[in-house]
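**Q** Under my numbering, the first residue of the sequence shown is numbered 28, with each subsequent residue one higher. Virtual Cβ for every residue (Gly too), placed ideally from N, Cα, C. On a predicted model such as this, the values are computed, not experimentally measured, just so you know.
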Amino acid sequence: MKKNILITGGAGFIGSHVVRLFVNKYPEYTIVNLDKLTYAGNLENLKDIDKKPNYIFEKADICDSKAIDELFDKYQFSGVIHLAAESHVDRSISDPMAFINTNIIGTVNLLNAARKTWLTTNNEQRTTNNLFYHISTDEVYGSLSEEGMFVEETSYDPRSPYSASKASSDHLVRAYHHTYKMPVVISNCSNNYGPNQFPEKLIPLAINNIKNNKAVPVYGKGENIRDWLFVEDHANAIDLIFHNGIVGETYNIGGNNEWKNIDLIYQLCKEMDLQLGREKGTSEKLITFVKDRAGHDLRYAIDSSKIQKELGWKPSLQFEEGLRKTVEWYLKNDVWLTNIVSGDYEKYYDKQYVKR
Ligand code: NAD
Ligand code: DAU
Numbered sequence: 028m029k030k031n032i033l034i035t036g037g038a039g040f041i042g043s044h045v046v047r048l049f050v051n052k053y054p055e056y057t058i059v060n061l062d063k064l065t066y067a068g069n070l071e072n073l074k075d076i077d078k079k080p081n082y083i084f085e086k087a088d089i090c091d092s093k094a095i096d097e098l099f100d101k102y103q104f105s106g107v108i109h110l111a112a113e114s115h116v117d118r119s120i121s122d123p124m125a126f127i128n129t130n131i132i133g134t135v136n137l138l139n140a141a142r143k144t145w146l147t148t149n150n151e152q153r154t155t156n157n158l159f160y161h162i163s164t165d166e167v168y169g170s171l172s173e174e175g176m177f178v179e180e181t182s183y184d185p186r187s188p189y190s191a192s193k194a195s196s197d198h199l200v201r202a203y204h205h206t207y208k209m210p211v212v213i214s215n216c217s218n219n220y221g222p223n224q225f226p227e228k229l230i231p232l233a234i235n236n237i238k239n240n241k242a243v244p245v246y247g248k249g250e251n252i253r254d255w256l257f258v259e260d261h262a263n264a265i266d267l268i269f270h271n272g273i274v275g276e277t278y279n280i281g282g283n284n285e286w287k288n289i290d291l292i293y294q295l296c297k298e299m300d301l302q303l304g305r306e307k308g309t310s311e312k313l314i315t316f317v318k319d320r321a322g323h324d325l326r327y328a329i330d331s332s333k334i335q336k337e338l339g340w341k342p343s344l345q346f347e348e349g350l351r352k353t354v355e356w357y358l359k360n361d362v363w364l365t366n367i368v369s370g371d372y373e374k375y376y377d378k379q380y381v382k383r
C-alpha cells in the first residue's frame, strides 16, 4: 500500500533537500509537503520536482491545530518528518514569540494530531509502522569552550530564544514518547550550508554581499566556532534515521568540521575571488567587524560517532569542495538570490503555485 509521509517545512532550506530526496528515491511514498510559506519558505526550491505524481504541497500553519487535524484525517499519514520552524537565532533575539508559537505550540499540534491518528485510547499503536521524526539542532546543548564535544547524553543548556524553543520541542517530543508511547526519533545537527539557504545566514549572506561589493559583517572578533555540514549530507542522514533509526533514540549529526567564523570568511573570500575572476585579496577588503550577537554562543562541536557506527552514515564532502559547490550554485542561480533580496519570490507563489 502507498504510504503518505508528511514533511513539514519542506519549502525551506533543509526541508527542500529532504523533500527532493524522498520524492525521487521513494516513488512508493506520497510526500506531502506542509509549509506556511513564511519569509523563509520558497517554492522555487522545489520547482524541479513539483510536478512529480508522488508530490503534494499543502499550505498550512502548524500553529493552526484544526488545519493540522484535517490534514491528518485527509491523508492518514504513517510517518512525519518535522522540520518546520523559525530557524534564525538573530530573529529569535528580536522577536521571540514567533519562535515560541511555531517551534513549541506548532510541534505540540503535530504531536496531538499524530496521537489521535496513531494511538488508541490506551496509547497502543494502531500500526507499528508509524514514526514521528523531529529534526533538531546542536544548539540545545549550549555553548562549549575550547575543549569537548556534544554527545547524545549532554545535558540541555539552551541559551538563545531559538535554542530554548527547540529544546522545549525536543522535551515535548520525548514526553509524548514516555507518556503516550508515541513512536518518535530525534536528531540534533550542526550548522548546515549549501544551495537554497536563505541569505540571512552567515554563508549565503556573505556570498551575496561579496558579489555586490557590500560589507561582510563579522560579529565580535569572529572567534566563535561552528561545525559545518553540507545540506545533502544532512538529508541523507535524515533518510537513514527515518528508515533505520531506533524508536525513542536520539542521533547527533555533524561534519567533524569546525571553523572559526573569521577563518571561514577568509576561505570564502578566496573562493569568491577565484570564481568571480577578481584579483586575490579583493573580497577580504569587505570584511567588517560589527557589534557582537547578544549572548553569542562561543563554540559548537558535535560527536556523530553514534549514527556513524549504528547506521553507517558519514559526511561525503570535504568542506573545501562543499564551499566551492555552494559558491558555484549561488553565482549560477543569481535569479533565485535576487528574487529573495527583492522580495519577488513571494509574488511568484501567487502566480505559479498557490491559490489563495
Ligand atoms: P528554514 O528557516 O530555511 O525553513 C523553515 C521552513 O519552515 C520554511 O519553509 C517556513 O516557511 C516553514 N515554517 C515556518 N513556520 C511555519 C509554520 N508555523 N507552519 C508551517 N511551516 C512553517 O529552516 P532550515 O534551516 O531549513 O531548518 C529546518 C529545520 O532544521 C528546523 O527545525 C531547524 O531548527 C533545524 N536545523 C537547522 C539547521 C541549520 O543549520 N539550518 C541545523 C540543525 C537543525
Ligand atoms: O548549529 C545549528 C544552527 O546553526 C541551526 O540550528 C540554526 O537554525 C542555524 O541558523 C545555525 O545557527 P547559527 O547562529 O550558528 O548560524 P548563523 O549562520 O546565523 O551564524 C553562524 C555564525 O556566524 C554565528 O557564530 C554568528 C556569526 N555571524 C552570523 C551572521 C548572520 C556573523 O558573524 N555575521 C553574520 O552576519
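If we ignore side chains and look at the alpha-carbon of each, how far apart do L158 and V211 end up?
**A** 6 Å
**Q** Please classify S172 as buried or exposed, where buried requires at least 16 other C-beta atoms within 10 Å of its C-beta.
**A** S172 is exposed by the Cβ-count criterion.
**Q** When the Cα of D23 is compared with those of R47, E71 and I32, which residue comes out closest?
**A** The requested residue 23 does not occur in the structure, where the chain is confined to residues 28 to 383.
**Q** Taking the CB atoms as reference points, tell me whether T353 and G221 lie closer together than 8 Å.
**A** yes
**Q** Using only Cβ atoms and a threshold of 6 Å, which residues come within that distance of a heavy atom of ligand 2? Order them by chain position.
**A** Having a Cβ closer than 6 Å to some heavy atom of ligand 2 are S114, H115, V116, T164, D165, E166, S217, N218, K228, L229, L232, P244, V245, Y246, N251, R253, N288, R320 and Y327.
**Q** Starting from D254, trace the beta strand (DSSP E) in both directions and tell me its first and last residue.
**A** Following the DSSP letters along the chain, one finds D254 inside the beta strand (DSSP E) bounded by residues I252 to F257.
**Q** Using 8 Å as the threshold, is the stretch 158 to 170 in touch with the stretch 118 to 131, meaning 3 or more CB pairs across them?
**A** no
**Q** Among the candidates E166, T148, L350 and E179, whose CA atom is the shortest distance from the CA of R326?
**A** E166
**Q** Based on the DSSP output, what are the partners of R351 in its beta bridges?
**A** Paired residues: none, contrary to the question.
**Q** Between D88 and A94, what straight-line distance do the alpha-carbon atoms span, to the nearest angstrom?
**A** 8 Å
**Q** How about I34 and T57: are their beta carbons less than 8 Å apart?
**A** no
**Q** Using alpha carbons as the reference points, say which of Q224, K248, I230 and P185 lies closest to C13.
**A** In the structure displayed, the chain extends from 28 to 383; residue 13 sits before or after that span and is not available.
**Q** Who are the near neighbours of E227 in its chain, counting only those whose CB is closer than 6 Å to its CB and skipping five residues on each side?
**A** H115
**Q** Among residues of its own chain, excluding the 5 on either side of K52, which ones have a beta-carbon nearer than 8 Å to its beta-carbon?
**A** D266
**Q** Where does T129 sit, in a helix, a strand or coil, going by DSSP?
**A** helix
**Q** Distance, Cα to Cα, W286 vs G249?
**A** 10 Å
**Q** One question on the structure: do Q294 and L350 come within less than 8 Å of each other, judged by their Cβ atoms?
**A** yes
**Q** Can you list, in chain order, the residues of its chain whose CB lies under 7 Å from that of K333, leaving out five sequence neighbours each side?
**A** E179, Y278 and N279
**Q** Taking its Cβ as the centre, do 16 or more other Cβ atoms sit within 10 Å of G36, making it buried, or is it exposed?
**A** buried
**Q** With a threshold of 6 Å on Cβ separation, who are the neighbours of D290 within its own chain once the five nearest residues in sequence on each side are excluded?
**A** Excluding five sequence positions before and after D290, none of the CB atoms of its chain fall closer than 6 Å to its own CB.
**Q** DSSP on F346, reduced to helix/strand/coil?
**A** helix
**Q** May I ask you to verify whether the stretch 229 to 243 touches the stretch 305 to 325, counting CB pairs closer than 8 Å and requiring at least 3?
**A** Note that the stretch 229 to 243 touches the stretch 305 to 325; at least 3 beta-carbon pairs, one per stretch, sit closer than 8 Å.
**Q** Buried or exposed: S195, going by 16 or more other Cβ atoms within 10 Å of its Cβ?
**A** buried
**Q** Is it buried or exposed for G308, if we count other Cβ within 10 angstroms and need 16 for buried?
**A** Residue burial annotation: G308 is exposed, with fewer than 16 other C-beta atoms found within 10 angstroms of its C-beta.
**Q** Just checking T65 against ligand 1 - is the residue's beta carbon closer than 7 Å to any of the ligand's heavy atoms?
**A** yes
**Q** Do D324 and S170 have their C-beta atoms within less than 8 Å of each other?
**A** yes
**Q** Below 8 Å on the Cβ atoms is my contact criterion, and I expect H261 with I32 to pass it. Report the Cβ-Cβ distance as a whole number of Å.
**A** About 18 Å separates the beta carbon of H261 from that of I32, a gap too long to meet the 8 Å contact definition.
**Q** Closer than 7 Å: is that where the CB of C90 sits relative to any heavy atom of ligand 1?
**A** yes
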